[in-house]
Each structure stands twice: as C-alpha cells, then as structure tokens.
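Have a look at the structure below, then the notes.
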C-alpha cells in the first residue's frame, strides 16, 4: 500500500509531461538517487523498495531537453540517466556523433552517373556489363535460332548472352557511330519503351543527333515529304554556324533523312527497320535472344529489358558520336572537310529565276 501511494503521488507531480512511454522511462527504472530501506528476515529476503522523488531541478532539465529535441529533424531519443549521474540530458558530443553517422553516407551508387560520365568504348569491361545484367536473355522457348552464335549457355531455363561478344559488337557499333559523326552524317536514336527517354535524349545530345522516344510514325522515311515536309530546316556551315540567309531557300527541298539509325528496342520497331532497309539506311540495334538479328545492320547482343544495360550502350554510342563531332570540327578549322558539301549555287540560281519572274 505504501509503494502504491508513492507511485500515485509521483504521477501527479509529473502531470506536466507528455504521457509517452519514452519520456516516462525514468519512472520504470530501478535506479534510485535517494536512500533505500531494506528489511531482512532470517528465512526470506525482501526486495529493494525504491523511493525517488522528482525534484524541481530535474523537472526543469527534462523540460529543456524535450523542448530542444522537438524542433530538430534528426535527434536521438533521450536515454535514461546512468546510475549516480543525476541527469537524463544527452550530452552534446554523443548527439553530434549520432548526427554525423546518420547523415554522412559516402560512395552512394547513382544509376544516372553512367549517362553523366559515359565510358569510352575502350573502357567497357565485362564486369560493367555483368553488373548491368546485360547477359540475361529470355526463356529458351522464346529464342530466335539465329542468335545461337551470341549465346553462351543456358541457366535455369534462361539463355545467357556471351559478354565477350557483347563488348566486341558494342565497340564495333561505337566505331561506326564515330565515323558517321566525323563525316557529318545525321544520326537518329530511337527508343520507345517506358524509361528509355533519358538515355535516348542524352545520347542524341552528345552525338549532336536526333531522337525519337515516342511511337514511330509509319511512313516517316518512305513518305517523308508528306509527314516531315513541314518541319523546320536550317542551313549551317562547316563549323555548325547557322546561315539564316539560306533558310527560306531550302525550305521547299526534300525532307532530310538520317544517315544512321540506332534503335534500342528493335522488337517494337520493325516498321522503322523495314523503312530503313528500303532507303538503304544502316541501322544499329540492341538484339535480345528473342529478336531477329538480321533486321539490323550492326547488332549488339544484350539484354534490351535492362535499363542499366541500355544506359551503358547509349552512353558509349553517344560518347563515340561526340568524339566524331570533335574530330570533324578540328579538321574543319584546318580547312579540310570530311564530307562533300552541298553546293549552294543551285539555290542562288533558283532565287535569281524567281526574282526575274
């Protein structure tokens, strides 16, 4: 009865605190800062009876500690005071160490870092391709027999693509992109699956090409004058400086077609690949085990369902196109053109004829 009345009195004195188990952890502690009375008998031993009184000084310390922790975002919960310390306020050193280890996380992996700093074709390693799951194909029931030369083996009913072949074919495709960019050709990057937009746009920006990340419009190449005839066209010189005086003169010319098409999902873009074949446009495609490798000119056997794999492929091809553009501009500054420029005499003659009429 005495212990029950004592606990009741302490609960009334601490009514100003929020009644949560964390803040009332001190009341359930067996430690005591006051005197303890123990009664012993020859036959039995009575457990310790703790009597602790919450003083005004301790109330003030609890109140200041909880008010300070309420305004911070990351603050450890107050721990009960050690025996004999007389205070439950956490010291500043332990709080600083907690915040330091809680917020400082070095070496965080970011998937977009591959697109920010893409590797060169010579820097592509098998470990990089393995981490991106480039070796995982489809089930054996969905395979295309023409991909047998790219397959390393079978594991648990799934075809495994040889990463040695993937790295070699990726370097070959990168060389093709570099040469096309060096010769001033137009490169079109196509990726219409969800999640491929960022990789497609980034590769086109580096190679100074064009991109399509939505549905391919049938007839864009075979009937380009009707579909792309109203698109804006601009004339540039060898140093990529725009020539506005020729803009109106070439507006009625035939729509420009790409010199190379890079497709990241050939399975969904068979119409695009068919149109490229009719117009003798070379193509580069990521070929999975269920795709037809004869649809593209330069296949890259890899997992087309892995976004990490496609980011590596897009980064490498974009980096190769960037290198080709750099070489072209350097040769143009020296006065050596890597391509046959378009003669503007035809446009001048047409303008003179229009003026006389």
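Numbering (the numbering used here), first residue to last: 827 to 1183. Here a beta-carbon is modelled for each residue, glycine too, at the ideal position from N, C-alpha and C.
Identify the residues that DSSP records as bridge partners of residue 964: which are they? Walking along the chain shown from the start, residue 964 turns up at place 138. Residue 964 is not bridged to any residue.
Taking its Cβ as the centre, do 16 or more other Cβ atoms sit within 10 Å of residue 1106, making it buried, or is it exposed? Here residue 1106 refers to the residue found at position 280 when the chain shown is read from its first residue. The residue in question, residue 1106, is exposed, as its Cβ has fewer than 16 Cβ neighbours within 10 Å.
Is the beta carbon of residue 1127 sitting closer than 9 Å to the one on residue 967? Residue mapping note: residue 1127 aligns to position 301 of the chain shown, counting from 1. Residue mapping note: residue 967 aligns to position 141 of the chain shown, counting from 1. Taking 9 Å as the Cβ cut-off, residue 1127 and residue 967 do not qualify as a contacting pair.
Locate the alpha helix (DSSP H) running through residue 995, then write down its first and last residues. In the chain shown, counting from the first residue as 1, residue 995 sits at position 169. In the DSSP assignment, residue 995 falls within the unbroken alpha helix (DSSP H) covering 989 to 1008.
Let me make sure I understand the geometry here. Which of 959, 952, 1010 and 982 has the alpha-carbon closest to that of residue 769? Nothing can be reported for residue 769: it is not among the residues displayed for the chain, which extend from 827 to 1183.
Closer than 6 Å by C-beta to residue 1054: which residues in its own chain qualify, once you throw out the five before and the five after it? Chain order, please. As a position in the chain shown, residue 1054 is number 228, starting the count at 1. So the qualifying residues of the chain are 1081.
Given 8 Å as the limit, is there contact between the segment 1114 to 1122 and the segment 994 to 1013, that is, 3 or more CB pairs closer than that? No: fewer than three Cβ pairs fall under 8 Å.
In the segment 1014 to 1040, which residue ranges form an unbroken beta strand (DSSP E) of at least 3 residues, counting only runs that do not cross its ends? DSSP runs (the beta strand (DSSP E)) wholly in the segment 1014 to 1040: 1036 to 1038.
What is the DSSP secondary structure of residue 1157, reduced to helix, strand or coil? The count along the chain shown starts at 1 and reaches residue 1157 at position 331. DSSP, read as helix, strand or coil, puts residue 1157 in helix.
Using the C-alpha atoms, what's the distance from residue 1103 back to residue 1125? Your numbering for residue 1125 matches position 299 in the chain shown. Your numbering for residue 1103 matches position 277 in the chain shown. Rounded to whole angstroms, the gap between the alpha carbons of residue 1125 and residue 1103 is 14 Å.
Could you pull out every residue in the same chain whose Cβ sits closer than 7 Å to the Cβ of residue 861, ignoring the five residues on either side in sequence? For the purposes of this step, residue 861 is taken as the residue at position 35 of the chain shown. Reliability of the predicted coordinates at residue 861 is poor, the pLDDT of 48 falling under 50, and the value obtained from them is presented with this limitation in mind. Closer than 7 Å at Cβ, skipping near neighbours: no residue.
Please confirm whether residue 1088 and residue 1166 have their CB atoms less than 9 Å apart. Reading the chain shown from its first residue, position 262 is the one you call residue 1088. Reading the chain shown from its first residue, position 340 is the one you call residue 1166. Against a cut-off of 9 Å, the Cβ pair of residue 1166 and residue 1088 comes out as no contact.
What are the boundary residues of the alpha helix (DSSP H) that includes residue 1166? As a position in the chain shown, residue 1166 is number 340, starting the count at 1. Per DSSP, residue 1166 is not a residue of any alpha helix (DSSP H), being assigned neither H nor E.
Report back the beta-carbon spacing between residue 1022 and residue 1134 to the nearest angstrom; my notes put them in contact at under 8 Å. By one-based count along the chain shown, residue 1022 stands at place 196. By one-based count along the chain shown, residue 1134 stands at place 308. Rounded, the Cβ-Cβ distance is 12 Å, inconsistent with contact.
Which residues DSSP lists as bridging residue 1109, in chain order: Taking the first residue of the chain shown as position 1, residue 1109 is located at position 283. When beta bridges are read from the DSSP output, residue 1109 appears opposite 1087.
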